[in-house]
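Chemist: Let me give you the structure first, and then I'll get to my questions.
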Amino acid sequence: MNLSFLRLSIWLYLAIFFAYLLGPLVIMSVTAFNSPSFPSATPWECLTFEWFSALFQDTRILNGIKNSLLIGAGTVVLSVTMGLAGALMLTQIWPKLRATYYTVIIAPILIPGVVLGISTLVFWDRINRMLGFGPDSLLSSGLFLTIVGQSTFIASYCMLVLVARLQRYDIALTEAALDLGATHAQAFRKVLLPFMRPAIASAAVLAFLASFENYNTTTFTFGEYPTLTIELAQKVRYGISPAISALAFIIVVLTVFAALANEATIRRRELVAAARRNATVAELSGGRVTLPGFLSGNTAAVLLVVVSIATIVVVGTATVYSPDQCIADVREQKRLEAEKRAEELRRKRDEERKLKAEQAPVTTAPSGSTGSSSFGGVFDPNALQGVPSEPEEEGGADSGFGGAFDPNTLQGSGN
Amino acid sequence: MVAGVGVDLENLWIRFGDFVAVRDANVNIKGGDFFSFLGPSGCGKTTILRAVSGFLEPSEGNVLIGGKNMKGVGPNKRPTALIFQNLALFPLMKVWENIAFSMEIKGASAAERRKRADELLEMIALEGQGDKLPSELSGGQRQRVAIARALCAEPHVLLLDEPLSALDLKLRQHMRTELREIQQRVGITFIYITHDQGEALTMSDNIAVMRAGVIDQIGEGKTIYNDPATPFAASFVGENNVFRGKVKRVSGDRVLVQSNRSGELLARISTANLGRLKEGDNAMIFIRPEAFELAKTGTEGDHYVSARVINEEFEGNVFNIFMEGDGGKEIKVSLPNLGQSFDSHKGQTMTLKYDVKNAVAMPAGVLATE
Ligand SMILES: Nc1ncnc2c1ncn2[C@@H]1O[C@H](COP(=O)(O)OP(=O)(O)OP(=O)(O)O)[C@@H](O)[C@H]1O
Ligand SMILES: [Mg+2]
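Following this line, the structure appears as structure tokens:
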């Protein structure tokens with residue numbers, strides 16, 4: 001009984017833990033499909049894909065994505081190269097210097113990104129001027145500065161990943177290659193690099209993700225190349241729209257895809273290796289090893305296929321689905337509700353007025369009560385309770401928001 | 001086919017900081033020889049091999065391969081191929097790619113490489129296994145792949161660093177013959193490193209016995225076994241019984257030693273130590289377990305040893321008797337099993353006889369500790 005209690009609390013803990021981890025993502029994903037123009041999961045109004053088309057029509061976001069990809073690619077190349085060089089150096093360096101060297105090369109991770117951003121800007125500006133280049137030279141371009149600035153610390157992450165793998169490398173392999181006549185360059189390319197490939201891939205993914213989500217450093221260096229995070233931050237400053245939820249949802253889906261694909265290939269490789277082990281020599285040399293099917297014994301691959309099909313179905317539905325009717329219904333309903341409420345208010349006000357008229361001789365200051373009623377009962381707690389969607393209604397009607405959040409406009413352009 | 005070339009070490013010193021790993025080594029290895037360095041763990045065998053293959057620059061002295069001084073010549077430019085102590089097969093390449101790696105370096109086409117790899121695979125009796133990965137082979141197969149990979153580079157000298165030490169006894173014995181056959185077939189110089197004296201004796205034309213960075217003796221296996229130059233060589237190569245004592249009389253190559261425990265013993269001075277024993281010197285006499293015969297109890301003389309039997313064991317081909325020796329070490333006697341009956345003599349004193357030419361005397365020195 002004690003044990004079952006323990007087990008129960010572990011499950012409870014897990015549930016809370018995952019709710020904490022994934023809850024925000026789930027809620028946000030729901031808001032991407034709900035029709036109100038302020039991101040909300042409840043009340044559920046209408047299923048809509050408008051926010052996605054809104055997203056794909058937002059040139060600033062699209063440009064941000066393009067810049068982010070560009071900068072990400074540059075950072076991957078630079079960081080992985082520098083990280084690999086740093087990792088190799090660490091294994092070659094004089095043992096007494098190793099600890100110091102390690103500290104120095106890890107330091108950028110501990111320095112706040114803001115500091116790195118500012119110092120990158122100042123440093124390269126100085127160099128640019130020392131070389132006598134103008135303000136529009138490559139060295140002061142936002143693209144260059146952001147790649148260089150992000151790489152200062154992302155390279156350290158890459159080095160950590162690469163060092164872990166390099167420590168398992170047997171230096172005798174390089175020696176064997178040299179002994180068989182290879183030059184140092186050939187030994188590096190044909191023996192060490194293939195060994196490092198998985199770690200290089202991990203480092204590249206890590207570098208790309210770190211670059212993609214970076215804000216602190218980039219905010220100082222982006223110049224005329226605002227990245228996605230910069231664009232989002234600027235947008236959110238003026239209010240937030242479900243289009244951003246849509247973007248986040250797409251990123252989540254892509255992540256799930258990548259994770260599943262990775263898992264599926266790893267599992268696949270294991271299964272193939274196992275099949276090779278069990279194969280006979282004749283089968284191996286004849287290339288006739290019966291390999292297991294792609295899906296057999298591979299949960300990740302099955303999930304991958306399921307998610308792919310689901311995605312295709314959803315996208316297919318989205319192209320033909322139109323929420324117009326639903327939105328119209330909801331609007332009609334809201335209008336009716338609003339009318340009803342207005343009616344009620346009017347009735348109440350009339351009653352009050354009647355009451356006041358009866359007590360008129362007693363009341364000496366009627367102006368006060370008239371004033372309060374002219375606010376349309378906004379301050380009436382009852383009224384507030386009854387109209388939860390009122391702010392949205394106002395938002396939609398208010399042209400001050402530039403119509404950006406008006407579902408009608410979006411929908412019109414989306415179809 | 002390439003011919004083997006000679007390798008010479010001239011006054012070779014190798015130091016790591018203050019530590020001397022190899023001290024003044026002088027070795028001449030003939031072309032086409034199967035030459036072994038034999039010594040206990042940590043005596044500097046691998047270090048010598050790394051100096052020959054070019055991974056280590058000697059602190060002093062020279063390495064000559066085929067008469068050419070190798071100073072400043074990198075490992076990829078020397079006509080040697082090294083088989084590493086841990087083999088160092090490339091784990092991500094298939095077996096045939098491993099074997100043909102040296103050709104890939106030179107830019108040979110895949111078809112050429114495959115063809116040569118298949119020939120070598122046939123030679124090492126691994127036909128059709130070229131498409132496996134090294135991790136999919138057994139220890140002995142990996143061993144042979146390493147040999148094939150080294151041979152594919154067509155070296156003039158093949159260096160082998162304890163290649164059999166990871167294998168089990170049966171396979172080790174099988175690989176010994178196989179290695180020796182391969183060497184005779186390809187005809188190149190083999191320099192073989194081992195701490196197993198059985199391996200060195202069965203395979204080598206010549207052996208160098210090493211102790212803590214110093215080469216004690218170089219010679220044929222038979223010479224080293226029968227006529228050791230130092231107490232270390234005598235006790236490290238094969239089993240040996242040691243008798244300590246003081247020299248009483250020297251005449252020609254015969255010496256009479258007053259032993260600590262077994263009375264006066266007559267022995268032959270080993271060739272390397274002729275003229276180096278004087279009256280009153282501390283000496284050691286080595287007599288192998290199989291050099292003893294049973295004698296009539298109580299017989300005395302300068303080639304008889306009497307001692308109490310502590311233990312006996314039957315080993316199949318021989319019957320071993322352990323007797324009280326000097327310095328706490330037992331005297332081991334191995335009598336060949338010729339079908340005779342062995343009666344237990346535990347606790348009794350027995351007398352043994354030996355032939356003087358089988359008792360080797362030399363100045364006292366360091367023994368191999370095992
Ligand atoms: N790079 C090095 N730095 C310092 N000392 C070293 C180095 N390499 C080897 N040594 C020392 O030199 C000595 C000889 O080493 P070596 O590897 O040649 O031994 P070995 O005879 O091959 O032994 P084993 O049979 O165990 O392989 C050892 O005492 C070792 O500690
Ligand atoms: Mg060694």
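Chains as they are written, first to last, in the UniProt record's numbering: chain A, 1 to 415; chain B, 1 to 370. All C-beta atoms, glycine included, are put in the ideal place defined by N, C-alpha and C.
Please compile the residues from chain A whose C-beta is within a distance smaller than 8 Å of the C-beta of residue 88 (chain B).
Modeler: Within chain A, the residues near residue 88 (chain B) are 170, 172, 173, 175 and 176.
Chemist: Answer with buried or exposed for residue 277 (chain B), where buried requires no fewer than 16 other C-beta atoms within 10 angstroms of its C-beta.
Modeler: buried
Chemist: Sorry if obvious, but does the Cβ on residue 162 (chain B) come closer than 8 Å to a heavy atom of ligand 2?
Modeler: yes
Chemist: Closer than 7 Å between beta carbons: that is the criterion. Which residues of the region 45-63 of chain B meet it against chain A?
Modeler: Residues of the region 45-63 of chain B with a C-beta less than 7 Å from any C-beta of chain A: 53 and 55, listed in chain order.
Chemist: Quick one: what's residue 104 (chain A) bridged to in DSSP?
Modeler: As computed with DSSP, residue 104 (chain A) is found in no beta bridge at all.
Chemist: Using the three-state DSSP reduction, which class does residue 377 (chain A) fall into: helix, strand or coil?
Modeler: Residue placement at residue 377 (chain A) is flagged as unreliable, the pLDDT there being 42, under the threshold of 50; a coordinate-derived value is accordingly withheld.
Chemist: Roughly how many whole angstroms lie between the Cα atoms of residue 10 (chain A) and residue 21 (chain A)?
Modeler: 16 Å
Chemist: Helix, strand or coil for residue 238 (chain A)? Go by DSSP, reduced to three states.
Modeler: Residue 238 (chain A) falls in the coil class under three-state DSSP.
Chemist: Candidates A:4, A:25, A:303 and A:46: which alpha carbon is nearest residue 325 (chain A)'s?
Modeler: Ranking A:4, A:25, A:303 and A:46 by Cα distance to residue 325 (chain A) puts A:46 first.
Chemist: Given that a residue counts as buried once 16 or more other Cβ atoms are within 10 Å of its Cβ, and exposed if not, what is residue 89 (chain A)?
Modeler: exposed
Chemist: Looking at ligand 4, does it come within less than 8 Å of residue 232 (chain B), judged from the CB to the closest heavy atom?
Modeler: Absence of ligand 4 is noted for the structure shown, with ligand 1 and ligand 2 being the only ligands found.
Chemist: What residues match up with residue 168 (chain A) in a beta bridge as DSSP calls it?
Modeler: None; residue 168 (chain A) has no bridge partner.
Chemist: Taking the alpha-carbon positions, what's the residue 235 (chain A) to residue 85 (chain A) distance?
Modeler: 39 Å
Chemist: State the CB to CB distance for the pair residue 189 (chain B) and residue 67 (chain B), rounded to an integer number of angstroms; the pair is presumed to be in contact (CB under 8 Å).
Modeler: Wrong, their Cβ atoms sit about 13 Å apart, outside the cutoff.
Chemist: Below 8 Å on the Cβ atoms is my guess for residue 105 (chain B) versus residue 181 (chain A); work out the distance and round it to an integer in Å.
Modeler: Between residue 105 (chain B) and residue 181 (chain A), the beta carbon gap of about 5 Å places them in contact (Cβ cut-off 8 Å).
Chemist: Buried or exposed for residue 161 (chain A), going by 16 or more other Cβ atoms inside 10 Å?
Modeler: buried
Chemist: Are residue 270 (chain B) and residue 326 (chain B) closer than 9 Å when you measure CB to CB?
Modeler: no
Chemist: Alpha carbon to alpha carbon, how far is residue 366 (chain B) from residue 224 (chain B)?
Modeler: 17 Å
Chemist: Roughly how many angstroms lie between the CA atoms of residue 416 (chain A) and residue 62 (chain B), to the nearest whole one?
Modeler: Any answer about residue 416 (chain A) is impossible in this case: the structure gives chain A only from 1 up to 415.
Chemist: Indicate the three-state DSSP secondary structure (helix, strand or coil) for residue 260 (chain B) in the structure shown.
Modeler: coil
Chemist: How would you call residue 191 (chain A), buried or exposed, if buried means at least 16 neighbouring beta carbons within 10 angstroms?
Modeler: buried
Chemist: Shortest alpha-carbon distance to residue 125 (chain B) belongs to which of B:147, B:108, B:133 and B:282?
Modeler: Of B:147, B:108, B:133 and B:282, the residue nearest in Cα terms is B:147.
Chemist: From residue 106 (chain A) to residue 150 (chain A), what distance separates their C-alpha atoms?
Modeler: 14 Å
Chemist: Would the C-beta of residue 159 (chain A) count as close to ligand 1, meaning under 8 Å from any of its heavy atoms?
Modeler: No.
Chemist: Need the endpoints of the alpha helix (DSSP H) that residue 76 (chain A) sits in, please.
Modeler: 59-92
Chemist: What are the boundary residues of the alpha helix (DSSP H) that includes residue 119 (chain A)?
Modeler: 113-130
Chemist: Output, in chain order, the set of chain A residues within a Cβ distance shorter than 9 Å of residue 163 (chain B).
Modeler: What residue 163 (chain B) touches in chain A: nothing, since even the nearest Cβ is about 13 Å away.
Chemist: Grab the span of the alpha helix (DSSP H) containing residue 31 (chain A) for me, first residue to last.
Modeler: 2-31
Chemist: Rounded to the nearest angstrom, what separates residue 409 (chain A) and residue 314 (chain A) at their Cα positions?
Modeler: Bear in mind that the predicted position of residue 409 (chain A) carries a pLDDT of just 41, short of 50, making it too unreliable to give a figure here.
Chemist: So, does the region 118-136 of chain A touch the region 73-83 of chain A, judging by three or more C-beta pairs under 8 Å?
Modeler: no
Chemist: Quick one: is the Cβ of residue 419 (chain A) within less than 8 Å of any heavy atom of ligand 1?
Modeler: Not covered by the structure: residue 419 (chain A). The range shown for chain A is 1 to 415.
Chemist: Counting C-beta neighbours from all protein chains within 10 Å, is the total for residue 12 (chain A) 16 or more, i.e. buried, or is it exposed?
Modeler: Label assigned to residue 12 (chain A): exposed.
Chemist: Residue 309 (chain B) to residue 265 (chain B), Cα distance in whole Å?
Modeler: 20 Å
Chemist: Can we count residue 85 (chain B) as close to ligand 2, meaning its CB is less than 8 Å from some heavy atom?
Modeler: yes
Chemist: What is the rounded straight-line gap between the Cα of residue 368 (chain B) and the Cα of residue 231 (chain B)?
Modeler: 8 Å
Chemist: Once you ignore the five residues that flank residue 33 (chain A) on each side, which residues in its own chain have a CB closer than 6 Å to its CB?
Modeler: 47
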